[in-house]
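Numbered by the working numbering, the letters in the sequence shown go through residues 12 to 315 in order.
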Amino acid sequence: MPVRHFLTLNDLSLEELDALLDHASKLKRSLRAGEVRDSLKNRVLAMIFEKSSTRTRVSFEAGMTQLGGAALFLSPRDTQLGRGEPIEDSGRVISSMADAVMIRTFDHQTVTRFASVSKAPVINALTDDYHPCQLLADMQTYREHRGNIKGATVTWVGDGNNMCNSYINAAQQFDFQLRIACPPGYEPRADLLAEAGDRVQVIYDPMEAARGSNLLVTDVWASMGQEDEQAARARTFASYQVNPALMGVAAKGALFMHCLPAHRGEEISHDMLEHPGSVVWEEAENRLHAQKALLEFLILGRLD
Ligand code: CP
Ligand code: NVA
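What follows is the structure in structure tokens.
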């Protein structure tokens, strides 16, 4: 069987995604019940981080330990990756010693190049283009609160960034309507918009986009690697804030998500994380459960 990777949400079929999310909720209940699970005993996950992380690192590392395996934290500062060893050479070597490899980096091609030579499954833990692991947690969180997202309306408010691109993938996979409210010039990738067709609409006005929506989602205005643009973006995005007034025009019972870290007073108001519709803390916790399901799926080739 050829090795499976998870570089975007499109690497799994809808049936596999549904099964994985059900399994994630099962693993969550099992952990809470104090059950011990050693499905990944003696398995090793190599984690390459070329950008900072709190949730991704803790969830993958804790997840591997909870399943009986181990995780290695590799930063370019301490490995030959930071000294110019070609990614394909690193890929051949690391994947010959680890059972799966997780990569957080800048250029999406770094993960596709690594995966092209890897003997072990490769997981995209965020690139400049996509953040599919976060979408697993978001979709798990939505279904735990509201059931199937099929047919729902989701509004993305803010930058057409890596998270927004992954939401476009999710809209196609899970069959929901996605509206994107971004400042002109900050739209997501044109090829992804074209591919999504009328499943995704760019509506520049946040109020118009949020009206009647079942889920509002946002993210920082300046992503990792865009620190120099922070001040200019703060001016451009000033009217793209998720706050109780915006939630007020959404559908009754609308949820609010943010992948975190959040900047209160910028993309969200100071009180937004405590809003009755906010599910951000569960969304963050679900990174752990969803990725444990993903690791079992990719390493064992089954979910049970
Ligand atoms: N949401 C997310 O990926 O968080 P970290 O950057 O802390 O991993
Ligand atoms: N868009 C953000 C997500 C952080 C989890 C970034 O890339 O920095």
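A virtual CB, placed ideally from N, CA and C, is assigned to each residue, including glycine. A quick note: this is a predicted structure, and the numbers were derived from the prediction, not measured.
Through-space distance from residue j to residue i, alpha-carbon basis
{"i": "residue 253", "j": "residue 150", "result": "20 angstroms"}
{"i": "residue 47", "j": "residue 72", "result": "16 angstroms"}
{"i": "residue 251", "j": "residue 190", "result": "14 angstroms"}
{"i": "residue 118", "j": "residue 102", "result": "16 angstroms"}
{"i": "residue 145", "j": "residue 136", "result": "8 angstroms"}
{"i": "residue 41", "j": "residue 74", "result": "13 angstroms"}
{"i": "residue 248", "j": "residue 194", "result": "7 angstroms"}
{"i": "residue 123", "j": "residue 130", "result": "13 angstroms"}
{"i": "residue 284", "j": "residue 97", "result": "42 angstroms"}
{"i": "residue 316", "j": "residue 139", "result": "For residue 316 there is no data in the structure shown, the boundaries of the chain being 12 and 315."}
{"i": "residue 141", "j": "residue 216", "result": "24 angstroms"}
{"i": "residue 240", "j": "residue 52", "result": "44 angstroms"}
{"i": "residue 17", "j": "residue 205", "result": "23 angstroms"}
{"i": "residue 121", "j": "residue 200", "result": "18 angstroms"}
{"i": "residue 81", "j": "residue 273", "result": "29 angstroms"}
Cβ separation of residue i and residue j, assumed to be a contact under 8 angstroms, to the nearest whole Å
{"i": "residue 111", "j": "residue 309", "result": "6 angstroms"}
{"i": "residue 233", "j": "residue 244", "result": "5 angstroms"}
{"i": "residue 171", "j": "residue 197", "result": "5 angstroms"}
{"i": "residue 4", "j": "residue 132", "result": "Past the boundaries of the shown model lies residue 4; the chain is included only from 12 to 315, so the question cannot be answered."}
{"i": "residue 173", "j": "residue 21", "result": "Wrong, their Cβ atoms sit about 15 angstroms apart, outside the cutoff."}
{"i": "residue 306", "j": "residue 78", "result": "7 angstroms"}
{"i": "residue 38", "j": "residue 295", "result": "With 8 angstroms as the limit, residue 38 and residue 295 do not qualify as a contact, their Cβ atoms being about 16 angstroms apart."}
{"i": "residue 266", "j": "residue 221", "result": "That pair is no contact at about 12 angstroms."}
{"i": "residue 114", "j": "residue 59", "result": "5 angstroms"}
{"i": "residue 116", "j": "residue 61", "result": "4 angstroms"}
Residue i CB to nearest heavy atom of the ligand CP below 7 angstroms
{"i": "residue 270", "result": "yes"}
{"i": "residue 275", "result": "no"}
{"i": "residue 64", "result": "yes"}
{"i": "residue 284", "result": "no"}
{"i": "residue 184", "result": "no"}
{"i": "residue 67", "result": "yes"}
{"i": "residue 56", "result": "no"}
{"i": "residue 137", "result": "yes"}
{"i": "residue 145", "result": "yes"}
Residue i beta carbon near the ligand NVA (any heavy atom closer than 7 angstroms)
{"i": "residue 173", "result": "yes"}
{"i": "residue 258", "result": "no"}
{"i": "residue 231", "result": "yes"}
{"i": "residue 234", "result": "yes"}
{"i": "residue 119", "result": "no"}
{"i": "residue 142", "result": "yes"}
Bounding residues of the beta strand (DSSP E) (the contiguous stretch that carries residue i)
{"i": "residue 265", "result": "Counting along the chain, residue 265 falls outside any beta strand (DSSP E), and DSSP gives it neither H nor E."}
{"i": "residue 55", "result": "55–60"}
{"i": "residue 133", "result": "133–135"}
{"i": "residue 212", "result": "211–213"}
{"i": "residue 252", "result": "Segment: none, residue 252 is in no beta strand (DSSP E) and carries neither H nor E."}
{"i": "residue 6", "result": "Residue 6 lies beyond the stretch modelled for the chain, which goes from 12 to 315, so this question has no answer here."}
Delimiting residues of the alpha helix (DSSP H) encompassing residue i
{"i": "residue 298", "result": "291–311"}
{"i": "residue 71", "result": "66–77"}
{"i": "residue 283", "result": "Taken as a continuous stretch (DSSP letters only), residue 283 belongs to no alpha helix (DSSP H), as it is neither H nor E."}
{"i": "residue 125", "result": "119–128"}
{"i": "residue 182", "result": "173–185"}
Contact with chain C by residue i, beta-carbon distance below 8 angstroms
{"i": "residue 271", "result": "Among the protein chains of the structure shown there is no chain C, as only one such chain exists."}
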